[in-house]
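Asker: Structure in structure tokens, see below.
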Amino acid sequence: MNKQLMYGTHALAEAAIQAGCTCYFGYPITPQNELPEYMAQRLTEIPGGVFIQAESELAAINMVLGASAAGARALTSSSSPGISLKQEGISFMAGMELPAVIANIMRGGPGLGNIAPSQADYFQATRGGGHGDYRIIVLAPGSVQEIADLTFRAFDLADTYRIPVMILGDGMLGQLMEPVIIPKPRQEPLPEKDYIVSGAQGRQPRVIKSLILDTREMEEHNWKLFRKYQLIQQRETRWESYLTDDAELIVIAYGTAARIAKGAIKRLRKDDPNMKIGLLRPITLWPFPTKAIKESLSTASDYFVFEMSAGQMVDDVLLSLEGKGRVHFYGRPGGIVPTPAELARSIARRYYQMKRTRKR
Amino acid sequence: MLIKTIFSGFGGQGVLSVGQTLARAAMLENKFVTYLPSYGAEVRGGTANCTVTISDEEIASPIASEPEFVVALNQPSFFRFQSLLPSGGMLLYNASLVSAESIRGDIETVGIPITDLAAELGNLKVANMVMLGAFIRISNLIVFDRMIKHLPDILGTGKAPLLKLNREALQRGYDYAKDIRR
Amino acid sequence: MKRIYVRPQTLRPVPMHYCPGCGHSIIHRLIAEVLDEMKLREKAICVPPAGCAVLAYNYLDIDMVEAPHGRATAVATGIKRVRPANLVFSYQGDGDLAAIGTAEALHAANRGEQITVIFVNNAVYGMTGGQMAPTTLLGQKTTTSPFGRNVKTEGPPIKVCELLAGLGSSAYLERVAVNSPANVKKAKSAIAKAFTYQLRKAGFTLVEILSPCPTNWKMDPVAACRWIDEEMMTVFPLGVIKDLPC
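Protein chains in written order, with the numbering used here: chain A, 1 to 360; chain B, 361 to 542; chain C, 543 to 788.
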């Protein structure tokens, strides 16, 4: 497909279609309404395409559950308050080991908050979100192109590991238009699924459930999930390193925050080529690039975590460093997106502070 | 090069579509480009604006913190957005609808009577494209001739019947601005 | 010798966990008989509820997808839209359908989803231990309405069939009971009719079944069956509430 100028929400929807998604269920909420609007039109052109504007986010996520149990690739999307409502279904799907893709175009919170871009749902997304002992894969795109690429990949990840996968964007990425090349449609058939319901014709009936009353069986199920999560951590952790080879101070940021940070670093390196700063951008927020961060201690002593929240991912950075290095935090919650210049000033201050203490 | 422009005006004046048109034209010149509209409650009540960023390298922030240009198609936008311009920035405005003068002495202001020019073309709806033509000549961000060549792709199939009118409007603005230089 | 009784093929040969005198086991059997007789066992997909019948998959030998409490009609919607050729039905209690899942049920009915709901109304929350349900009768004592349901504070019992009848896309709604041999027979016909309607794509179908809960009503099974006749039916009259011919 050619390069097109597309909204983040539309790119997400179109990449889902190309990945073989045939079902969309959702409930309107700003700033992601353009996604269901696109799907309402587009899914009518897909054989077997299903679009339902559900009566609530609760209903929408449970329609996803049903469609996934029936073997389809299904998508739902929402923004922060709506994602809270979807947690019930996400927890059930984690327990039932059903694949699904959920997009959260985050806005300011808590509560109704506002509709501006925010990264306030990091904890909710990376800790599973709902009740019970589980994790979901969380992908954090930083551009419209990456929204398309990661959404396409999300469906394969969901099927490979039979797990819900979340695309964690924010209001700016959703509303933004950028040139994008949508991934080519899947040619190979979708993976065979031996667990789905289709009517027990010529086989034993199948039950898809999360209820396991026997405590030993439940424990074994929890360990089974845990082993799966370990495998995902080993195989699927993704991050981008930018100018980190010699970096003494490493900025850690994801999504929209990371592109601002990259701009700030470029600016600073241009002004002072001797400045040894770089960016480590987690692309998977769960699994988190713990190992990469720990290994960066070979050159870096200081870390500058920037989030559009009051500080959530910074906890994972601290855990990754196991007490080593100095961690600084800069946050802009509430829907504020700082300029690269503002961030550059703050990074520079920390950098020269670090230099002074090193000399001593 | 990294240039940010805010397009602003009444909803219905084609503010968003003019921003998208410029962004598509820049994309076809293989530039890095972002288009960010105002959304939600902000656009209820009749005003609309969007920011187009055009650059030779990856764009860090699509938000108009310090835009080089503000294009105001009506008077409320003229007042609201001129304050965002840093010193030396340029304010292009619709001289047919804006009767006030800028209070700022440190920016350039250029008035273009786009509503009147569009009326001469027989369709008020293309006033936005008259402005875009003038803007392209003044800003020199993209190559006008190349844009005209690609216009069918830029506008898409939906606007095919209006292709000729849009082309005339762009040309009209472009010609009008021939003596205006940054 | 003439065989007059046989276990339906769709009903697994295992003991059920239901209390003595509970209506669920009868209703399970009726569903199994209908699926056998209509040769739908290999086509059927059931969405069991959270509630006493949560273990229905241990008894009905068909494909099953568990739903969160109240969301059965949403889950069934997802399944049916992906697999329109299958017979998809949910099995829900009064709390599941008429309290926590009201919105899902109402909107599935209004969209005319081609699904069937087997709605078991026993006027009480069974599994959690006898709390007040949306269908609890006025004056009925439960663990959370210890002085009897009060219309001024709890409102009257919700009549689900009558509520859904007003929606354009509900096709067949009937209220039956399983408190006597004659009523059990009628209940079976209603289930068969609902499944037939679904296969003909008539729209949303629901069979409401008044069912005894001796344990939580604190009665013996015979008294419980009588209570359905004497008390429940005065509020929830049996009969076809809506039937759009198809």
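Every residue gets a Cβ at the ideal spot worked out from N, C-alpha and C, and that includes glycine.
1. By how many angstroms is the C-alpha of A:ILE181 removed from the C-alpha of A:LEU139?
2. Thinking C-beta only, is B:THR475 closer than 9 Å to B:SER456?
3. List the whole-angstrom C-beta distance separating C:TYR633 from C:PRO591, where the pair is believed to meet the contact cut-off of C-beta under 8 Å.
4. Answer with yes or no whether the minimum CB distance from A:LEU176 to chain B is below 9 Å.
5. Could you tell me which of C:VAL659, C:ARG554 and C:LEU680 sits nearest to C:ASP638, measuring between CA atoms?
6. For the stretch 365-384 of chain B, which residues have a beta carbon sitting closer than 8 Å to at least one beta carbon of chain A?
7. Counting contacts by CB-CB distance shorter than 9 Å, is B:MET489 in contact with chain A?
8. Which complete alpha helix (DSSP H) runs does the stretch 139-185 of chain A hold, if anything under 4 residues is left out?
9. Could you tell me whether the Cβ of B:ALA420 comes closer than 9 Å to any Cβ of chain A?
10. Return helix, strand or coil for A:TYR7, following the three-state DSSP convention.
11. Decide yes or no for the touch test of the stretch 92-111 of chain A against the stretch 156-169 of chain A: beta carbon pairs closer than 8 Å, at least 3 of them.
12. Is there a C-beta anywhere in chain C that falls below 9 Å from the one on A:SER198?
13. At least one CB of chain A closer than 9 Å to the CB of B:SER425: is that the case?
14. At 3 residues or longer, what runs of the beta strand (DSSP E) sit wholly inside the stretch 92-130 of chain A?
15. Over what stretch of residues does the alpha helix (DSSP H) that includes A:PRO36 continue unbroken?
16. For the stretch 556-573 of chain C, list every residue whose C-beta sits within 7 Å of some C-beta in chain A, in sequence order.
17. Using the Cβ count rule (16 or more neighbours within 10 Å means buried), how would you classify A:MET106?
18. Taking only three categories from DSSP, how would you classify C:CYS561?
19. Fully enclosed by the stretch 634-669 of chain C, which alpha helix (DSSP H) runs are 4 residues long or longer?
20. In whole angstroms, give me the CA-to-CA distance for A:PRO141 and A:MET6.
21. Verify the CB distance criterion: does A:LEU35 have a CB-CB separation below 9 Å to chain B?
22. In angstroms with no decimal places, state the Cα-to-Cα distance between B:PHE504 and B:LYS538.
23. Please classify B:ILE472: does DSSP put it in a helix, a strand, or coil?
24. How many angstroms separate the CA atom of B:ASP466 from the CA atom of A:LEU112?
25. Could you pull the DSSP bridge partners for C:GLN673 from this structure?
26. Going along chain A, which residues have a C-beta under 9 Å from B:LEU396?
27. Could you tell me which residues DSSP puts in a beta bridge with C:ASP605?
28. Cβ of A:ALA16 less than 9 Å from any chain E Cβ?
29. From this set, A:ARG206, A:GLY169 and A:GLU342, which residue's C-alpha is nearest A:ARG332's C-alpha?
30. Along chain A, in chain order, which residues have C-beta atoms closer than 9 Å to that of B:VAL393?
31. Please name the residue in C:PHE746, C:GLY697 and C:PRO756 whose C-alpha comes closest to that of C:GLY710.
32. State yes or no: is the beta carbon of C:ALA736 nearer than 9 Å to at least one beta carbon in chain A?
33. Is it buried or exposed for A:LYS324, if we count other Cβ within 10 angstroms and need 16 for buried?
34. Closer than 9 Å by beta-carbon distance: list the chain A residues that pair up with C:GLU619, in chain order.
35. Between B:MET361 and chain A, is there a C-beta pair that is closer than 9 Å?
36. In terms of residues, what are the limits of the beta strand (DSSP E) holding B:PHE367?
Answerer: On the basis of the data shown:
1. About 19 Å.
2. yes
3. 6 Å
4. A:LEU176 counts as touching chain B.
5. Selection C:VAL659, C:ARG554 and C:LEU680 evaluated against C:ASP638 yields C:VAL659 as nearest (Cα-Cα).
6. GLN380, ALA383 and ARG384
7. no
8. As far as the stretch 139-185 of chain A is concerned, its whole alpha helix (DSSP H) runs of at least 4 residues are 144-161 and 171-175.
9. yes
10. strand
11. yes
12. yes
13. yes
14. 100-106
15. 34-42
16. none
17. buried
18. coil
19. 644-653
20. Computed Cα separation, rounded: 15 Å.
21. no
22. 12 Å
23. DSSP places B:ILE472 in strand when its eight states are reduced to three.
24. 41 Å
25. C:TYR667
26. Ordered by position in chain A, the residues that pass the 9 Å Cβ test against B:LEU396 are MET172, GLN175, LEU176 and MET177.
27. C:ILE587
28. Protein chains in the displayed structure are A, B and C, and chain E is not among them.
29. A:GLU342
30. LEU5, MET177, GLU178 and PRO179
31. Across the set C:PHE746, C:GLY697 and C:PRO756, the C-alpha of C:PHE746 shows the shortest separation from the C-alpha of C:GLY710.
32. Nearest CB-CB separation between C:ALA736 and chain A: not below the 9 Å threshold.
33. Exposed: under 16 other Cβ atoms inside 10 Å.
34. A small correction: the amino acid at residue 619 of chain C is Thr; Glu does not occupy that position in the sequence shown. Within chain A, the residues near C:THR619 are PHE25, ILE52, ALA54, ALA59, ASN62, MET63, GLY66 and ALA67.
35. False, the Cβ-Cβ gap to chain A never drops below 9 Å.
36. 362-370
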